[in-house]
DNA sequence: GCAAAAGTGTTCTCTATACACCCATGG
DNA sequence: CCATGGGTGTATAGAGAACACTTTTGC
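Protein chains in written order, with this note's numbering: chain A, 481 to 743; chain B, 481 to 743.
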C-alpha cells in the first residue's frame with residue numbers, strides 16, 4: 481500500500497519541474513521551552529528516520545525566500561531572524577560514514593508510491609544544501625509535517641535522535657554558529673514572551689551556551705545593552721523578593737542586531 | 481571571428497556534461513603586495529568585463545575540492561587557507577540593478593564561437609554560487625587566465641573596477657568576513673615572506689582592516705599570541721634603530737588557527 | 001524570624017589604549 | 001649631535017569574573 485495519496489504524488493510531480501535541480505535548503509528551526517533549546521524535526525513516513533525541515537528552490541525564487549517559505553510552511557510563522565550559515569557540498573552527503581539513508585531513500589520511493597522515472601531520478605540525485613537557522617517562539621508555532629512526513633515535533637537539542645543523511649552535522653554547525661552570534665547580537669525577542677524576568681533571559685542564554693552564568697554579572701551585562709525596559713514587579717506568590725519584569729525595546733533591539741554589540 | 485579555438489570549444493562541451501548544473505563556485509583570492517591588499521581578477525575575452533575566478537563543480541567532486549581546484553588552476557598554488565564564506569542564491573544575480581551583464585553573457589556566447597544549443601542554454605541558466613576566499617603569497621602565485629579570459633591580474637582592492645554580475649557584492653562580503661576572521665585566527669603566514677619585521681606585519685593588518693593601528697600596542701598584542709619567533713636584527717642601512725626580524729612558528733600558528741584566539 | 005531569590009556593591013584581574021621614554025643607527 | 005624609527009614602560013579606563021551584602025517576599 482502506498483504511503484502517499486495519488487493527489488500528493490501528482491502535486492509533487494508537477495512542482496518538481498519548477499525546482500532548481502541539485503540544490504536544496506535545510507532549516508534549523510530552534511525554539512525555547514521548558515528551559516530547553518529545542519529544534520523542529522520531521523519524521524519520515526518511509527523508514528521513520530528524523531530529519532530537518534527542508535525543501536527545494538523554485539526556479540523563479542530567491543534562495544532566501546525559499547528558506548522563508550519552508551519555515552512558514554512548517555511553523556506558520558513569518559520570521560525576520562532567519563540566517564544562512566553554511567552550504568554543504570560534499571559529494572557523498574547521502575552516504576555519510578555511519579549512515580546508509582541514502583540507500584534507504586531510494587528504496588523508499590516505491591513504498592511512497594512514486595513510479596515516474598523522473599521522480600525516482602530526482603531523489604537519487606546529488607544535492608548541495610544550504611543551511612539556514614531561525615529562532616522562533618514555540619508558543620506561536622504550529623508544526624505542520626510536510627507530505628513526506630508523518631510527524632513534525634519539537635525535540636530538545638540535548639537529547640537528539642540520529643538524524644538522516646548529514647543532518648546531525650548541519651544541526652551541529654548551526655548551533656556553533658548561533659553561539660558565535662550570541663557575542664554579536666542581542667537575543668531573545670522571538671524566543672521569550674512579551675514580559676519576562678531576568679532569570680528567564682538568563683536561562684535562555686544558558687540553554688543556548690550550554691553552561692551556567694553568574695547571576696549578577698549577567699544582569700549588568702544585559703542591562704548595559706539598553707535594550708530592556710523595566711516594567712512592574714512580578715508577584716509570583718513565592719517566598720522571595722519579587723523580580724522585575726522586563727520587555728524588549730524593539731527599536732533598540734533591532735538597531736543593535738544591525739550594528740552588532742560593540743565590536 | 482571566434483574568440484575561442486575549436487579545441488577549446490569541444491573541451492568545454494565535453495566537460496560540461498559532468499558539471500553539476502545551476503551551481504558554481506567563485507573564489508576571492510587575496511594577496512598582499514606593495515603594502516596593499518590585492519585580489520586576483522579575470523578579464524573576459526568577450527566584452528572585457530572583470531570578474532572573480534570561478535568555475536563549476538564536477539558531479540563526482542566535493543564542493544570544497546572544486547574551490548581548491550579553481551584556486552590551483554588560477555594560481556598554481558595548493559592552499560590550506562581556503563574558506564567558504566557565503567552562498568549567493570538570488571534569482572536575478574545576473575541582472576544586478578546596475579548591471580546588464582547577464583544579457584551581455586548571452587550575446588557574447590556566439591562571439592566566443594559556441595554554437596551548440598546545450599552550451600548556450602548552460603550559460604543562460606540561473607546559477608547559485610558559493611563564495612570561497614583564500615589568502616596567498618603573490619610572489620609564489622602564477623596567475624593563469626582561464627579559457628574565457630584574456631587576462632588574470634592582481635588588482636588592489638581599494639581601487640577596483642566594476643565587476644560583472646554581483647561579483648562586487650561577493651568580494652565585499654569576503655572582505656567583511658576576512659576582517660571578522662582576524663579577531664579569531666592569526667594571519668600572515670601565507671602573505672608575508674619567511675622573515676619579516678613587526679612593521680611589515682602591522683602594515684598587513686592595516687591593509688586588511690583599512691585603518692591605522694598603534695605601533696607599540698600592536699607589537700605586544702601579536703607577541704602575546706606566541707606564534708612569532710624573534711630572529712636576527714635587520715640592518716637596513718637606514719638611519720634608525722634596526723628592527724628585529726620575525727618568522728612564524730608554524731606549529732603554534734596552525735594550532736592557533738584551529739583553536740582560535742581566546743574567545 | 002527564616003529561607004529563598006533579587007538587586008546592588010566591591011574587589012581583583014586582565015585588556016585595550018594612549019602616550020612617554022630611552023635606544024640604536026647612519027648621516 | 002640629530003633625525004628617524006624601534007623597543008619597552010606606564011597610566012588610565014573599561015570589561016569580566018567571583019563573591020559579599022542588603023532587600024523583599026511568604027510562610
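All C-beta atoms in this analysis are idealised placements derived from N, C-alpha and C, irrespective of residue type, glycine included.
CB of residue i within 8 Å of CB of residue j, strictly
i	j	result
residue 535 of chain A	residue 505 of chain A	yes
residue 643 of chain B	residue 532 of chain B	yes
residue 594 of chain B	residue 503 of chain B	no
residue 707 of chain B	residue 670 of chain B	no
residue 602 of chain A	residue 618 of chain A	no
residue 629 of chain B	residue 525 of chain B	yes
residue 699 of chain B	residue 715 of chain B	no
residue 710 of chain A	residue 675 of chain A	no
residue 683 of chain A	residue 552 of chain A	no
residue 564 of chain A	residue 616 of chain A	no
residue 622 of chain A	residue 556 of chain A	yes
residue 744 of chain A	residue 688 of chain A	The question about residue 744 of chain A has no answer, for chain A in this structure spans 481 to 743.
residue 527 of chain B	residue 485 of chain B	no
residue 539 of chain A	residue 494 of chain A	no
residue 573 of chain A	residue 626 of chain A	no
residue 666 of chain B	residue 640 of chain B	no
residue 596 of chain A	residue 501 of chain A	no
Three-way DSSP call (helix, strand, coil) for residue i in this model
i	result
residue 606 of chain A	coil
residue 616 of chain A	coil
residue 555 of chain A	helix
residue 622 of chain A	coil
residue 747 of chain A	Given that chain A is displayed from residue 481 to residue 743, the structure contains no residue 747 of chain A and the question cannot be resolved.
residue 702 of chain A	helix
residue 503 of chain B	strand
residue 595 of chain A	coil
residue 732 of chain B	helix
residue 671 of chain B	coil
residue 496 of chain B	helix
residue 661 of chain B	helix
residue 697 of chain A	helix
residue 517 of chain B	strand
residue 563 of chain A	strand
residue 601 of chain A	helix
residue 684 of chain A	helix
residue 525 of chain A	coil
Residues that residue i contacts on chain B, provided the C-beta gap is smaller than 8 Å
i	result
residue 501 of chain A	501 and 502
Contact with chain A by residue i, beta-carbon distance below 8 Å
i	result
residue 606 of chain B	yes
residue 543 of chain B	yes
residue 564 of chain B	yes
Beta carbon proximity, residue i to chain B, threshold 8 Å
i	result
residue 617 of chain A	no
residue 569 of chain A	yes
residue 691 of chain A	no
residue 495 of chain A	no
residue 579 of chain A	In this prediction, residue 579 of chain A scores a pLDDT of 48, lower than 50, which makes its location untrustworthy; no coordinate-derived value is stated.
residue 590 of chain A	no
Among the options, the one whose alpha carbon lies nearest that of residue i
i	options	result
residue 569 of chain B	A:649, A:611 and A:597	A:611
residue 631 of chain A	A:645, A:495, A:529 and A:497	A:529
residue 542 of chain B	A:567, A:571 and A:544	A:571
residue 592 of chain A	A:487, A:679, A:703 and A:704	A:487
residue 554 of chain A	A:639, A:573, A:512 and A:508	A:508
residue 511 of chain B	B:702, B:725, B:654 and B:614	B:614
residue 590 of chain A	A:538, A:564 and A:483	A:483
residue 637 of chain B	B:656, B:723 and B:626	B:656
residue 725 of chain A	A:719, A:717, A:718 and A:713	A:713
residue 492 of chain A	A:598, A:722 and A:562	A:598
residue 522 of chain B	B:513, B:545, B:550 and B:544	B:550
residue 703 of chain A	A:718, A:673, A:719 and A:741	A:741
Cross-chain neighbours of residue i in chain B, by beta carbon under 7 Å
i	result
residue 539 of chain A	606
Closer than 7 Å at the beta carbon, the chain A residues around residue i
i	result
residue 515 of chain B	None at all; the shortest Cβ gap to chain A is about 26 Å.
Cross-chain neighbours of residue i in chain A, by beta carbon under 9 Å
i	result
residue 610 of chain B	567, 569, 608 and 610
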